[in-house]
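Under full-length UniProt numbering, the sequence shown has 46 at position 46, and the numbering climbs by one with no breaks. For every residue, glycine included, the Cβ atom is placed at its ideal position computed from N, Cα and C. Just so it is clear, the structure is predicted and the values come from calculations on it, not from any experiment.
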Amino acid sequence: MFVLSILLLIAAVVVFLVGRGRDGGGWKLGAVLSAVGGVLAGLFACVHVVSAYEVGVPVTFGRVGTPLTSGIQFKSPFTEVTSFSTRPVDLNLYDKDVVEVRSSQGGVLYADVTIKWAVVPAKAVALYRLAGSEEAVQERLVLPDSREIVRNVFAKHTSEEGYASAREQIGAEIEDLIKKRLAPRGIDVTAVNLRNVKPSDKLQDQIDKKIQQEQATERSEEGQRTAEAEAERKRIEAEGIANANKIIEKSLSDKVLYNQCLEAYKEAAKANPVYAVPCGTDSGGTPVIVNGSKN
Numbered sequence: 001m002f003v004l005s006i007l008l009l010i011a012a013v014v015v016f017l018v019g020r021g022r023d024g025g026g027w028k029l030g031a032v033l034s035a036v037g038g039v040l041a042g043l044f045a046c047v048h049v050v051s052a053y054e055v056g057v058p059v060t061f062g063r064v065g066t067p068l069t070s071g072i073q074f075k076s077p078f079t080e081v082t083s084f085s086t087r088p089v090d091l092n093l094y095d096k097d098v099v100e101v102r103s104s105q106g107g108v109l110y111a112d113v114t115i116k117w118a119v120v121p122a123k124a125v126a127l128y129r130l131a132g133s134e135e136a137v138q139e140r141l142v143l144p145d146s147r148e149i150v151r152n153v154f155a156k157h158t159s160e161e162g163y164a165s166a167r168e169q170i171g172a173e174i175e176d177l178i179k180k181r182l183a184p185r186g187i188d189v190t191a192v193n194l195r196n197v198k199p200s201d202k203l204q205d206q207i208d209k210k211i212q213q214e215q216a217t218e219r220s221e222e223g224q225r226t227a228e229a230e231a232e233r234k235r236i237e238a239e240g241i242a243n244a245n246k247i248i249e250k251s252l253s254d255k256v257l258y259n260q261c262l263e264a265y266k267e268a269a270k271a272n273p274v275y276a277v278p279c280g281t282d283s284g285g286t287p288v289i290v291n292g293s294k295n
């Protein structure tokens, strides 16, 4: 814009000098219009508008000045202003940019991460010196540091913790470390979202085999517990029968058995034409069975 202003002013002078020796007001009008255009272009070259939620870093002949806040700002026509957005920017690490990590066991996993970050206005000059532009801040500072931290955190956990049991803990640890790493550089990390963790195909096969082995072991242990319980039940039952037999053996004396035999014969005599002689004549003392229907 400043160059255009100079050119217009030079053109106004040339037109004025050429038209001075000639009749007609066209040359003078052209000179006046060129001069006015040159002055306006010069004024615009000294004005810079910083949009809302942005901060500008002025650079004049290689010297970095004080950051410019949002609004109309006056500057030297030789000053270039680089703008940085102060709104949160999303850095999405998924699909082609997914972070490949390794667990403490060496298993390969793929982590999808979204990082929300913003430039701290007071640190815009320092970020300009480190990177040069907002895109460079993300490519040179936020992206490599975030990838490194994600890999380091996953390397301290097992594969199972990485994709299942300790996923929330890992996400919180990553967020805390990224904030601590980038805050001193003037980058405010507002959120880190560990969206998804997927095992590699090889690791998934290992996981499936491990699950199958664990299920087989559980079935084997359950069968063993069932067999042991059945054996214990039979042992208790056998001990109960043995104890009962011992009690019966102790309680059944010869006289008791003899009396029970007599009672049995008496009952049989009621329904059949027989009767029992309670005092037998043989050496064993067996009652004599008499059939009353015969002589």
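Judged by beta-carbon spacing, S133 lies within the 8 Å limit of T82, meaning their Cβ atoms are closer than that value. Our two residues, T158 and V64, have alpha carbons roughly 48 Å apart in a direct line.
Where G171 is concerned, the enclosing alpha helix (DSSP H) starts and stops at 167 to 182. If you compare the alpha carbons of V57, L130, V153 with that of A172, the shortest gap goes to V153.
Counting of Cβ neighbours within 10 angstroms places K123 among the buried residues, the total reaching 16 or more. Sixteen is the threshold: when 16 or more other Cβ atoms of the shown chains lie within 10 Å of the Cβ of E54, as they do, the residue is buried.
Looking only at V120, A111, I241, the smallest Cα-Cα distance to E168 is reached by A111. Residues of the same chain with a CB within less than 6 Å of the CB of D145, apart from the 5 flanking positions on each side, are R181 in chain order.
Under the DSSP assignment, D95 falls outside any beta strand (DSSP E); it carries neither an H nor an E label.
In the structure shown, the three-state DSSP call for S104 is coil. For N193, the CB contacts under 6 Å within the same chain, skipping 5 residues up- and downstream, are T114 in chain order. Between the alpha carbons of L91 and F61 lies a distance of about 33 Å. Secondary structure of G56 (DSSP, three-state): strand.
Linking A238 to A244 through their CA atoms gives a straight-line distance of about 10 Å. Approximately 16 Å separates the beta-carbon atoms of V99 and W117; this is outside 8 Å, ruling out the contact.
Distance from S200 to V108 at the Cβ level is roughly 4 Å; contact confirmed, criterion being Cβ atoms closer than 8 Å. For S85, same chain residues with a beta-carbon under 8 Å away, outside a window of 5 residues either side, are Y53, E54, A118, V119, E134 in chain order. Going by DSSP, E135 is part of the alpha helix (DSSP H) stretching over 134 to 137.
Taking the CA atoms as reference points, S165 sits about 12 Å from V197. Less than 8 Å divides the Cβ of V57 from the Cβ of V125. Judged by DSSP in its simplified three-state form, K198 adopts strand. For S70, there is no enclosing alpha helix (DSSP H), as DSSP marks it with neither H nor E. Straight across, the Cα-Cα distance linking Q224 with I236 is about 18 Å. Here L130 is not near I149, since their CB atoms are 8 Å or more apart. DSSP places S85 outside any alpha helix (DSSP H); the residue lies instead in the beta strand (DSSP E), whose first and last residues are 79 to 85.
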